[in-house]
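*Asks:* Encoded as structure tokens, here's the structure I'll be asking about.
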Amino acid sequence: MLSTIALCAFIAAACAWMGKRAISDHRATLAKRKRLLDEAATLFPDARISFAPDHFPILVSRLEDGRQVRIELLADTMVTRRLPQLWLRVTLSEMSERSRPAIGALARPTGAEYYSLVHDLPEWMAPPQTDASLLMRSDGSGTAWQVERAATMFRNLFSDPTLKEAVISPRGTRVIRQAAQGERAAHLLLRQIRFAVTAISVDLVQKAVSEAKALSQLLDAGESAVPADEAA
Numbered sequence: 001m002l003s004t005i006a007l008c009a010f011i012a013a014a015c016a017w018m019g020k021r022a023i024s025d026h027r028a029t030l031a032k033r034k035r036l037l038d039e040a041a042t043l044f045p046d047a048r049i050s051f052a053p054d055h056f057p058i059l060v061s062r063l064e065d066g067r068q069v070r071i072e073l074l075a076d077t078m079v080t081r082r083l084p085q086l087w088l089r090v091t092l093s094e095m096s097e098r099s100r101p102a103i104g105a106l107a108r109p110t111g112a113e114y115y116s117l118v119h120d121l122p123e124w125m126a127p128p129q130t131d132a133s134l135l136m137r138s139d140g141s142g143t144a145w146q147v148e149r150a151a152t153m154f155r156n157l158f159s160d161p162t163l164k165e166a167v168i169s170p171r172g173t174r175v176i177r178q179a180a181q182g183e184r185a186a187h188l189l190l191r192q193i194r195f196a197v198t199a200i201s202v203d204l205v206q207k208a209v210s211e212a213k214a215l216s217q218l219l220d221a222g223e224s225a226v227p228a229d230e231a232a
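In terms of UniProt numbering, the sequence shown has 79 at position 79, counting the first letter as 1, and numbering is strictly consecutive.
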């Protein structure tokens, strides 16, 4: 009788300890998650950080020319046969709408990319040759030279396997890059989403912002190169 009571007391105490430990670990994980863009914020004097419902930070600031840049982190667990991915999404918004098409490319598409703008574009296009499979789509409004210039840019950008998506649109540009990959043991054994990263690299953020800037200038800069017969 006493041994049964002692065993029950031990099990209750163990369960209470495990529950307390799980809560503590969860809180520590969320606290670490909220600090992921703290180093990147030093790149922008007026950076403002808020938090998504999943506690990942969202950094919003402005470039020297007044354009808004939005930096976000997205946890992707949609592909079951792959480790969770942490994506860095950089969106550069123009001051006013540009006269250019919407055109983008997505690497290794599965159809489960809920964050992708490329899936929303209506016209399928022949992608440039790259090492990774590439889906390229547009809104159908681009001229031949615009499509060619964009395809050339995408071919260069997607030579880097950590690039997931690049999009040009009249209102802005977007770049999505891999920031981290989920821990295998936590995912396979506990089905938990853990990323072995305490801060997103400043170099990675700078690279993605620079790519968004380059995409923004790409089609505007090419206007002077339009053949006379096409311009007519």
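Quick reminder that beta carbons are idealized off the backbone N, C-alpha and C, glycines included.
Residues in its own chain within less than 6 Å of I103 by CB, not counting five upstream and five downstream?
*Replies:* Along the sequence shown, one-based indexing puts residue 103 at 103. Taken in chain order, the residues that qualify are S138, G142, A150, I168.
*Asks:* Taking only three categories from DSSP, how would you classify D131?
*Replies:* Taking the sequence shown and counting its residues from 1, the one referred to as residue 131 is at position 131. Note: D131 maps to coil in three-state DSSP.
*Asks:* Does DSSP classify K95 as helix, strand or coil?
*Replies:* Numbered from 1 along the sequence shown, position 95 holds the residue referred to as residue 95. Note on residue identity: the sequence assigns Met, not Lys, to residue 95. It is coil, neither helix nor strand.
*Asks:* In this structure, how does DSSP classify R155 when only helix, strand and coil are distinguished?
*Replies:* As a working mapping, residue 155 is identified with position 155 in the sequence shown. Helix, per DSSP.
*Asks:* With distance defined between alpha-carbon atoms, name the residue in T173, L59, K164, T42 nearest to A179.
*Replies:* In the sequence shown, residue 179 corresponds to position 179, counting from 1. When each option's Cα is compared against that of A179, the closest is K164.
*Asks:* Can you list, in chain order, the residues of its chain with a C-beta nearer than 7 Å to that of A40? Leave out the 5 residues immediately preceding and following it.
*Replies:* Against the sequence shown, residue 40 aligns to sequence position 40. Contacts found: L59, I71, I200, V202, V205.
*Asks:* Looking at the secondary structure, which residues open and close the beta strand (DSSP E) in which E39 lies?
*Replies:* For the purposes of this step, residue 39 is taken as residue 39 along the sequence shown, with counting starting at 1. Here E39 belongs to no beta strand (DSSP E); instead the alpha helix (DSSP H) covers 38-41.
*Asks:* Quick test of your reading: R62 and M95, contact by CB under 8 Å. State the CB separation rounded to the nearest angstrom.
*Replies:* Working through the sequence shown from its first residue, we reach residue 62 at position 62. Working through the sequence shown from its first residue, we reach residue 95 at position 95. About 10 Å separates the two Cβ atoms, so there is no contact after all.
*Asks:* Could you check the C-alpha separation between K76 and L117 for me, to the nearest Å?
*Replies:* By one-based count along the sequence shown, residue 76 stands at place 76. By one-based count along the sequence shown, residue 117 stands at place 117. According to the sequence shown, residue 76 is Asp rather than Lys. Cα-Cα distance, rounded: 15 Å.
*Asks:* Go ahead and label G172 buried or exposed: buried means 16 or more other beta carbons lie within 10 angstroms of its beta carbon, across all protein chains shown.
*Replies:* Translated into positions along the sequence shown, residue 172 becomes position 172. Buried, since its Cβ has 16 or more Cβ neighbours within 10 Å.
*Asks:* What span of residues does the beta strand (DSSP E) with G140 cover, start to end?
*Replies:* Residue numbering aside, residue 140 sits at position 140 when the sequence shown is read from its first letter. It is not in any beta strand (DSSP E) - G140 carries neither H nor E in the DSSP assignment.
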